[in-house]
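Residue numbers (our numbering), protein chains in the order written: chain A, 4 to 636; chain B, 4 to 636; chain Y, -17 to 323; chain X, -17 to 323.
No residue lacks a Cβ here, since even glycine has one placed at the ideal position from N, Cα and C.
Below is one structure, written out as structure tokens; comments come after it.
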Ligand SMILES: Cc1ncc(C[n+]2csc(CCOP(=O)(O)OP(=O)(O)O)c2C)c(N)n1
Ligand SMILES: Cc1ncc(C[n+]2csc(CCOP(=O)(O)OP(=O)(O)O)c2C)c(N)n1
Ligand code: SF4
Ligand code: SF4
Ligand SMILES: [Mg+2]
Ligand SMILES: [Mg+2]
């Protein structure tokens, strides 16, 4: 361990680095520590700085299901991976180039993901015999061969931080808690990241706690200075801003935030208030929290007594003419089944957001999965078709939310929007749309005038969309009764007539199928006439696209198609699929969309599945694609 | 109208009929009247008499969703169709040969189902202008050409009954209420049915109301005598006992009753008490009612506060070592989704009975449908495989119930048993099994002894079935904790490990798939190497088999295969399907099993669907099969 | 001015002849004009059950939803549509068995809705199973040897959930029911009205004690705001405070008139209303209070929720004018942005 | 003889350091040996929430079920397994929000189970949303401008549902909690024990008033069977009956000792227990009664259910001996049979 000089002042680090700078086109860093170590914040700040610097970024937070698992234990490890690059990237990266391990637990939990040659920065202060033993290390891994394959930087982070913040006046505990900022400063130096956005962030956050602010700023600066000064680091790196972004103003955004924004935009789009009826559940709760803070945009949020009440209230609000939305995750989705069925029978617009997580049952609440597709399609009694669409990236949640509301209001049919834990919490840069460019439409309520010459028939239909009239209570002349019993075609009166039931079942299906006619033509990404098509949906977008790029970079051809519309499927899919010798379909489930595609098109889809609660790595997909390509050659 | 002599005495009708007797091989009678007219009872008694007489019988009750719709209205019509024959029949018949219409509503509601030449017996007393107008007859159908295609017998049934029961001492209202017995007596004469079982039945039922008994007996006898005497009927018919029944003691049985018996037999089979946790819902409620009356066989029934509590209690009981069962229908099934997911995660035996009805939502509560298959397979969050089996006929519910319990206890996995409204209420003769021949098995609980040398691992597995140990609370040494979070393989401890999750998801799937190895080889009914296979599941068994017989009777070949196991599918299905040029799959839904078969085997199944809330007629299926056969010729 | 007949629909009423639901329907229809609200601004929302068919027979807006969940739809509607008069119709099974949780939460939130709970102490629509209000030991289709569950009293439960308006009425008592409906409709917040309703098919005569003129007087304790609680022939019986603070019934003649409890539904402590509820014998219906048990004023969830939103909207201006688009643009941009040219 | 440590499991306890759940766990573990029941005959069943992780830490049988549904599993188990001691652990969200209906029905059925409801007035596991017991106006993640729902009081709700045993205790008060656990365990039938529990991450200090030695004396009203209800320093405060029959707090010195209400949890009328529950101010926790509010004896659903079955079995003899096979054969045959040879 080298002696170091710490610069505890809040001054800006020397602008011209004294050490040589090497260029990298992309870097993957994983911050890992105790749940209480602030790793999510650290990662988030590093990401922001990188994004503002102009890199493309993608992130993967990975935190325990416990609120605060006991310090220093394996289950208590919280990690945040950020991938930043000078070019368009699509995933948070397969394997970290650098691991920041704030304690032995963080090292142990993450080591298996590190490729040989990776760099490890660890807090040596935490490698006490007790801590090591707590996570099952019988011997200090630093002492044996365990870490031989890596470049290890052992730094007394806690000691260094304490020293750095000594003057700030905070107590011992708060001093130690600033060590994430020391680490952030150090890594910022190492990758030539600016510190100013983080400083601004801290100033705002701790505006009312000047001592803690001082400590955090001191730690941040000290970390930066430490990098510059210590002999541990002989070189620093630089990742140039990405050039391939379309012009515009950007921000970094998570899927849940984009979803919340999208719902607000949709309410604005059709001039209706948004009503969210929801019950907290990981990883969907943040949408509730975020929308609860957007009341100024006419959004009402209602935390219901359970999931059924949440969707019931949303349906009641939709009946009254609001944009009724409910948000949940898998188990909550199961509880909503019966009410979704009612919405199908009532033929009212309703948006159901399922932020999927690992299942079955309570499963893996904080992990990601795509395993609710079948539930979304079929999880109700009777023939109960709904529209199902899926977002493909964090920022895409914005557009998908708008589309979900538009489809629901136009067809007067429930729409299920599938997101997942990875999209919800992962982030990426987003080109902020101009508000004036956002879509607007008319919800087209039934009016007294339209019906003044004839009896109102709540189950008559638009000839093209097959949508029924949406007649709001309060509209004179249109009083009517609807319910979950089968209804007579056109009049909506209760009907037990056999032929009518058959007609109505097929009409509801036809109405959903008719949406296919409104889906834009598929844009297959196939620059050079490949023989293998890789098909995807939802959050596999990034890993698949990255794998396709890797395959192409290797000189091979592969086509790519990502589906947003899962029910109904796009009409031209029937034309696309037969063009290829092989269709590969990676999913984070046991092959749910593959089942649908096989059934529908009788194509012998190669279903590639993993259910690890984590996104595919682009590396594994690259391997799979290469194998399939080889098999057709 | 002829003058008639009514014989009000309780004496047996003349044994040797004075009128000529014609032979018929099969007859279909539909009794139709007001909900309050006792048509279900009348039909049931006629069926019993026919069955005891030795005919094969099949029945289709069809009653309104309302408890008592206002008398004389179309929605208030209750009907009961019985098909009886001198040979093996499979359905309640496509179209009635005879309609007994107790009022204009019954006539109007049922006329459309009558083939030309059918006989109509109607209560002329009820054809008042007011009653006619009430059901929308602007003119008396007896007066215009409406009934020209039929043989109509207009009888003053009410008057005749009143006269017949005049001496019994009952009031006017009770007198008129006996007219169903008059009609039964008349039809019994017409088809040469014995009256004694009905007499016995009435004597038991009205043991404590001697006047009502007298009235009913008088009406019954009078109806019989009336047939013999009146000139309206010049001929009577006879349907000989069926010869093609295997030897044994028989009874008539409905699906719900057979299901209840099957559950009792299963409890006996593995020497465990049966616990039913249920919430009333049509058409499943009778299983609850029936089992509530079988406490002497160690059965406990618990009417819960809702469907979730019903299945939750069943799961709790299963955890404690009872045979946990829950019964419901579509909407209740939707509510149980989340708890089924827990049972999947806990890996405990549980039997979930879904007596399907018309959907979506509340749908058509009293009608039949097969539209919950997808919900059974996929209606839960995450990858949540369960075993799914379906009963094919009323009496088959007995065997299916036993198999469901056996599979659940052996695999420690939830089993969904699909029945439907048609099976539940329909009846057929059942060869009563000898109790000694019923299967028995050992539930194989984990014991202290088995584990005395090692730590108990609740998620270790049987190498063949992959079932985990079923360790009951109360067993010393095996204390353990289970739950809905993902569990570590073998130990069952909570595990968030990615690779473990993937392993466990696949293990649960493999365990269910492993059941396929225990399914007996498929018995395809294909006597002469047909090119077309008709595949079925559930209650389409009867109509399909009848259609196949009709096709073969017409000299054409068609193969038939009926599936009981829907998840997993039998292994040899993969061999069977490719042998045929065409596979036809009729379903009372929009093609749910067809989707699965297509996905699994990439066979271009011809999906034949109807969603009318009624079984297929064998006639329509015969037509479909002939068309398909023609297309391959 | 509307009349009762204006609230009738073309739908044929499909309850069993003689069902108590008819009487309730007639009373509600004849009460409706007094509301002074146009038909199109009235909404009836129900669950599933015989009682829940009610909306089909009201010429207003109506939703026949799913079993037990009517209060949830009413919640969303009441929060977003203050211009409507929202009525929930439920049964003892719908509202207290499967839907018990939604009921208590709607009550504690004090939403602007009126809940009519038709209590026939049986499941009618599913043909005669017992319900949470069925008396102990009742023999029904699902309990051939008698029920084992101690019944719930909807009044006591509602008070336990801190409901602001709780009342009870009888299907056949048109005047009394109308009075209670009136009070419930005037109440700001959630009102629960339990209506004893005869199911003449599966539980006939369940409330005969309260209807038969020879027994009604001694069985019913009429609750009249501000009046001493006396009942029976010539007010021969009275409700007085027991030594232990509870309530008991005594001969009016035998007690000091000052001891007779004066009914006050407006007191904020629900204890007295709770005590009144417990005077009734669930088995014999002896001493069943009829009328308004509790009626207090408290803020309504929906009013407060709208106020939060409206205040926020007023500050930001969105979206009717379009003026909020700047604010929305600022929201979308958030804190950290960068520009790519 | 078992000791507290025998009830510890190998599972690492994963609550936040400082969480009140630790104290409850320690108390329960040390209380368990007093039950005198072997570990394998004890079952803990929970729903979902921080509190619901409890079973993992008890070396007994245990099920961590799904959100709000623990009472349903306990119901099936208690009916079929009278030999077990069944404990339900739930939270204010799990037990009163999503699971409110199962809770009231389990209580009214009076099943032989003990329900521990950890009330931290917040959703812990999902990171800080308000719960049905959160005080009005509370700012949480889902209510940035404050909650609008009037809170539920689990004690009042349970009494409204006719619960036979209702008590309240404090996480940090080992002796008091132990005493209440003891009473609950001895109670035949369903016992609800509300335990105020500090969530030091999302609702820290929620019960400090009741714990801080400077305020506890004046805030807590200890309930002791058969004793006059006095509290505060030297019993300076007392609970007396108000003129209107309700309860109020008075200076002990200023009232006639005979006026002071004597606590009797055994009275069959729940009114007094209900009145006690309403002494507490939900916002400030002033005058919070702690101890057993109600404890009455009533038949238990599960006992009655088993009796119905056992009586029927005893008459018919089935299935252990096989003697019942004749009866079963008769059942299968029914009334109308015929023979085909
Ligand atoms: C989810 C669900 N479960 C069960 C049913 C069946 N069901 C319909 S109404 C009803 C009970 C009705 O009782 P109640 O609410 O008292 O109404 P009543 O018919 O007595 O007026 C039941 C169990 C259903 N329709 N949906
Ligand atoms: C069906 C379902 N809905 C929602 C959730 C998410 N969830 C888990 S625990 C919880 C609330 C926990 O609150 P509480 O019962 O008070 O327990 P605490 O964590 O405070 O101990 C919620 C909403 C879930 N797991 N399942
Ligand atoms: S079953 Fe009972 S409650 Fe239902 S309509 Fe008939 S009488 Fe009324
Ligand atoms: S979040 Fe709160 S309740 Fe949950 S473990 Fe942490 S301190 Fe305890
Ligand atoms: Mg009822
Ligand atoms: Mg809580």
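Using 10 angstroms around the beta-carbon of residue i, count the other beta-carbons present and answer buried if the total reaches 16, otherwise exposed.
{"i": "residue 216 of chain X", "result": "exposed"}
{"i": "residue 451 of chain A", "result": "exposed"}
{"i": "residue -17 of chain Y", "result": "exposed"}
{"i": "residue 466 of chain B", "result": "exposed"}
{"i": "residue 178 of chain B", "result": "buried"}
{"i": "residue 257 of chain A", "result": "buried"}
Where does residue i sit, in a helix, a strand or coil, going by DSSP?
{"i": "residue 4 of chain X", "result": "helix"}
{"i": "residue 76 of chain Y", "result": "helix"}
{"i": "residue 719 of chain B", "result": "The question about residue 719 of chain B has no answer, for chain B in this structure spans 4 to 636."}
Using a C-beta to C-beta distance shorter than 9 Å, which residues of chain A count as neighbours of residue i?
{"i": "residue 488 of chain B", "result": "68, 364, 365, 366, 367 and 368"}
{"i": "residue -5 of chain X", "result": "73"}
Which residues in chain X have a C-beta closer than 8 Å to the C-beta of residue i? List them in chain order.
{"i": "residue 284 of chain A", "result": "108"}
Under 7 Å between beta-carbons, which chain X residues line up against residue i? List them in chain order, please.
{"i": "residue 90 of chain Y", "result": "131, 132 and 134"}
{"i": "residue 148 of chain B", "result": "Here the premise fails: no neighbours, minimum Cβ distance about 43 Å."}
For residue i, return the contacting residues in chain B, with the cut-off set at a CB-CB distance below 7 Å.
{"i": "residue 123 of chain Y", "result": "292"}
{"i": "residue 320 of chain X", "result": "54, 55, 57 and 253"}
{"i": "residue 42 of chain X", "result": "482"}
At 9 Å on the CB atoms, spell out the chain Y contacts of residue i, in chain order.
{"i": "residue 273 of chain X", "result": "The premise fails here: residue 273 of chain X is roughly 18 Å from chain Y at the closest Cβ pair, so nothing lies under 9 Å."}
Quiz item: So, do the segment 565 to 575 of chain B and the segment 524 to 540 of chain B have three or more beta carbon pairs nearer to each other than 8 Å?
Solution: yes
Self-check item: At least three beta-carbon pairs within less than 8 Å, the segment 308 to 318 of chain B to the segment 278 to 285 of chain B
Solution: yes
Self-check item: Any heavy atom of ligand 3 nearer than 5 Å to the CB - residues listed
Solution: B:70, Y:-3, Y:-2, Y:1, Y:32, Y:106, Y:181, Y:182 and Y:183
Quiz item: Is the number of C-beta pairs between the segment 173 to 180 of chain Y and the segment 93 to 102 of chain Y that are closer than 8 Å three or more?
Solution: yes
Quiz item: Can we say the segment 25 to 39 of chain X touches the segment 240 to 259 of chain B, given the rule of at least three CB pairs closer than 8 Å?
Solution: no
Self-check item: Inter-stretch contact at 8 Å, needing at least 3 Cβ pairs: the segment 136 to 145 of chain Y / the segment 246 to 262 of chain Y
Solution: yes
Quiz item: Do three or more CB pairs link the segment 111 to 124 of chain B to the segment 41 to 60 of chain B at distances below 8 Å?
Solution: no
Quiz prompt | Contact between the segment 68 to 83 of chain Y and the segment 112 to 120 of chain Y (3+ Cβ pairs under 8 Å) | solution = yes
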